[in-house]
Amino acid sequence: MRDVSRTVIDLHPVGLFRRGPSGEVEQDFGALLPGGDLRKFGWTILDKGASDGFSYRPVPFSAAGISDANKNAFGGRVFALERDSGTTRLFLVWLPTTLVNRIRNGTLLAPLNFHVLFHPLTYESEYTGTRPYWTGKNQVDGVPYYVRLGIRYLCSDFKAVAHHVMAVADREPNLAYVVPVAESTGNFQDLITPDGMLSTLNELYQTLLTLLQAPEKPRFDAVGHVMLSGYSRSGNRLVELMAQFGTKPFFTQHLIQLNAFDINLGNSDRERLPQLARLWEGARQWASVNKKARVYLYTAYRSHYDHCLNNPIPRGNRWDDSVHVNLDDVSWSDTAAKAKTGDKRGTASETYASSGRFGIVCLPTSFFRFYLANRHGDQEETVGNPVRGWHDGDYDLRRAHGHGLFLRGMMSHALAHGDPAFFAVRPVR
Numbered sequence: 000m001r002d003v004s005r006t007v008i009d010l011h012p013v014g015l016f017r018r019g020p021s022g023e024v025e026q027d028f029g030a031l032l033p034g035g036d037l038r039k040f041g042w043t044i045l046d047k048g049a050s051d052g053f054s055y056r057p058v059p060f061s062a063a064g065i066s067d068a069n070k071n072a073f074g075g076r077v078f079a080l081e082r083d084s085g086t087t088r089l090f091l092v093w094l095p096t097t098l099v100n101r102i103r104n105g106t107l108l109a110p111l112n113f114h115v116l117f118h119p120l121t122y123e124s125e126y127t128g129t130r131p132y133w134t135g136k137n138q139v140d141g142v143p144y145y146v147r148l149g150i151r152y153l154c155s156d157f158k159a160v161a162h163h164v165m166a167v168a169d170r171e172p173n174l175a176y177v178v179p180v181a182e183s184t185g186n187f188q189d190l191i192t193p194d195g196m197l198s199t200l201n202e203l204y205q206t207l208l209t210l211l212q213a214p215e216k217p218r219f220d221a222v223g224h225v226m227l228s229g230y231s232r233s234g235n236r237l238v239e240l241m242a243q244f245g246t247k248p249f250f251t252q253h254l255i256q257l258n259a260f261d262i263n264l265g266n267s268d269r270e271r272l273p274q275l276a277r278l279w280e281g282a283r284q285w286a287s288v289n290k291k292a293r294v295y296l297y298t299a300y301r302s303h304y305d306h307c308l309n310n311p312i313p314r315g316n317r318w319d320d321s322v323h324v325n326l327d328d329v330s331w332s333d334t335a336a337k338a339k340t341g342d343k344r345g346t347a348s349e350t351y352a353s354s355g356r357f358g359i360v361c362l363p364t365s366f367f368r369f370y371l372a373n374r375h376g377d378q379e380e381t382v383g384n385p386v387r388g389w390h391d392g393d394y395d396l397r398r399a400h401g402h403g404l405f406l407r408g409m410m411s412h413a414l415a416h417g418d419p420a421f422f423a424v425r426p427v428r
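So in numbering that gives the first Met the number 0, spot 254 of the sequence shown is number 253, and the numbers just go up one at a time.
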């Protein structure tokens, strides 16, 4: 793999890198940690005593000791890497500052862990019209959609870097966050096998060692643990990977956490539920042989929640900690909406296993004013509760829809509930 940050900044000179005084590529720390706070959920998603019944709120960066003056100390470093083969050839990788220094100095305290996020399938005309992958711009509007997509899932829209920094502020981090950017054809096919994923991560690790000029003989020769996340239509990538469960090292030694952020596995329950069942069964089999396994599923579909609830993870991890919140009975931030007549917001549910290593959350589509839009030719159908639904008044409604909230707000929850050793080998002093 090779560093292609110059190509990235030439294609899209905002949102990740900037040019230094001599034209060199520098990190844009304001893009990695934008603004002064992060809107996120707390340790639990639901809170009967909170406005709208959940714990979503802005948390200032200052709570983690971050200020405008020292963002560069917390922001870490991003690498844009390209490889010559495969359907997935562009990778955006974030490393926290502490790990950058440890790799350079040869002082890693444990094998490097990785968190990999699959973005949704790029079948829209914006991507099919962008050639060559990934270095081309769309012929219609001149936008490099693949690069912009990678930046979006790395830091800009979903603020994932900020989530990683804020989720474990009191522990020294030991993970790299990876956003592979998939071609519109192929759709991560080279990453959704256990061997393909593990070999790619080892290649990334060796590339980082080279770029950071690590000592010739690194302390650790291979990667450590792996967390995988899927969002929206990328959920089928998790389905296909977990359907290959077996005794290969990827499953038994490396993979330790799955996060499913409102995965969409079809256009109806008739299509979605069988695929969700495939994913969940693969996760159950994996958890039966890997004692470190953790799974967190966040969904707007009650059928998904109920299926998982009725099929608990084995090895004594029974469901025993549930909260159900009637979203009409709590206080509403939008009092005018509460006074209107119309559809109810419904009931939200949150359940954890006795071990705390498995969790399922349901925020129903009826809770949101604008959950998402379905397009049928020239017609657009709004899914949600447009009269009495919740919305985030600090964002433009169409950009920050309810479906996006699952990733935009809940990533910190999944990270904070991970194995402490995945993020750090010792507390920050």
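Beta carbons: idealized from backbone N, C-alpha and C, even for Gly.
Note that this is a predicted model, so its numbers are computed, not measured.
Asked                                                                                                   : Found
Inter-residue spacing [alpha-carbon to alpha-carbon] between Leu396 and Leu254                          : Annotation note: pLDDT 47 at Leu396 (below 50); position unreliable, coordinate value reported separately. One C-alpha to the other measures close to 36 angstroms.
Whole-Å CB distance - Glu171 paired with Tyr144, under 8 angstroms assumed                              : The Cβ separation is near 36 angstroms, so there is no contact.
Reference Gly41; option with closest CA among Asp391, His162, Ile102 and Phe366                         : His162
Gly383 burial status per 10 Å Cβ neighbour count (16 or more: buried)                                   : buried
Inter-residue spacing [alpha-carbon to alpha-carbon] between Leu371 and Phe260                          : 15 angstroms
Secondary structure of Ile312, DSSP reduced to three states                                             : coil
Range covered by the alpha helix (DSSP H) that runs through Glu171                                      : That residue, Glu171, is in no alpha helix (DSSP H); it is neither H nor E in DSSP.
Gly376 (DSSP reduced to helix, strand or coil)                                                          : coil
Contact belief for Leu111 with Tyr230 at Cβ below 8 angstroms, rounded distance in angstroms            : Between Tyr230 and Leu111 the Cβ distance is about 24 angstroms, and since that is not below 8 angstroms, they are no contact.
Asp268 versus Cys361 - alpha carbon distance                                                            : 15 angstroms
For Asp9, three-class secondary structure by DSSP                                                       : helix
Which listed residue (Ala299, Gly341, Gly401 and Ser228) has its alpha carbon closest to that of Arg387 : Gly341
Residues sharing a beta bridge with Ser321, DSSP                                                        : Thr350
Closest Cα partner of Asn186 within the set Phe405, Ile44 and Gly85                                     : Gly85
Thr206 versus Asp2, Ala420 and Arg232, residue with shortest Cα-Cα distance                             : Asp2
Nearest neighbour of Met241, chosen from Leu326, Ala282, His303 and Leu116 [CA to CA]                   : Ala282
Spatially closest choice to Thr246 from Leu278, Leu275, Val288 and Pro217, by CA coordinates            : Val288
Whole-angstrom distance between Ser411 and Phe16, CA atom to CA atom                                    : 24 angstroms
Proximity winner among Gly234, Lys158 and Gln212, relative to Pro57 (alpha-carbon distances)            : Lys158
Whether Ile262 touches Ala292 by CB criterion (9 angstroms)                                             : no
Meets three-Cβ-pair contact criterion under 8 angstroms: the segment 79-93 and the segment 185-202      : yes
Extent of the continuous beta strand (DSSP E) run through Gln256                                        : Leu254 to Phe260
Alpha carbon of Phe250 to alpha carbon of Lys290, nearest angstrom                                      : 11 angstroms
Endpoints, beta strand (DSSP E) assigned at Arg25                                                       : Here residue 25 turns out to be Glu, not Arg, going by the sequence shown. Start and end: Val24 to Gln26.
Identity of the residues DSSP links to Val178 by a beta bridge                                          : Leu91
Rounded separation between Leu200 and Val222 - CA only                                                  : 7 angstroms
From Pro12, Ile44 and Gln26, residue whose alpha carbon lies closest to that of Ile359                  : Ile44
Opposing strand residues paired with Ile473 [DSSP bridges]                                              : One cannot answer for residue 473 here, as it falls past the ends of the chain, which runs 0 to 428.
Three-pair Cβ contact test at 8 angstroms for the segment 128-148 versus the segment 232-241            : no
Per-residue DSSP class, three states only, for Ser306                                                   : Per the sequence shown, the amino acid found at residue 306 is His instead of Ser. Looking at His306 - three-state DSSP - the assignment turns out to be helix.
Beta-bridge partners of Lys136, as assigned by DSSP                                                     : Arg130
Among Asp327, Lys343, Ser348 and Ser353, nearest to Pro318 - alpha-carbon criterion                     : The amino acid at residue 318 is misidentified as Pro; the sequence shows Trp. Ranking the options by Cα distance to Trp318, first place goes to Ser353.
Helix, strand or coil at Trp42 according to DSSP, with G and I counted as helix                         : coil
Distance between Leu278 and Gln26 (C-alpha atoms, nearest Å)                                            : 38 angstroms
Residues bridged to Phe431 [DSSP beta-bridge criterion]                                                 : The structure shown does not extend to residue 431, since the chain is modelled only from 0 through 428, so no value can be given for it.
Separation of Leu275 from Val324, as counted between CA atoms                                           : 24 angstroms
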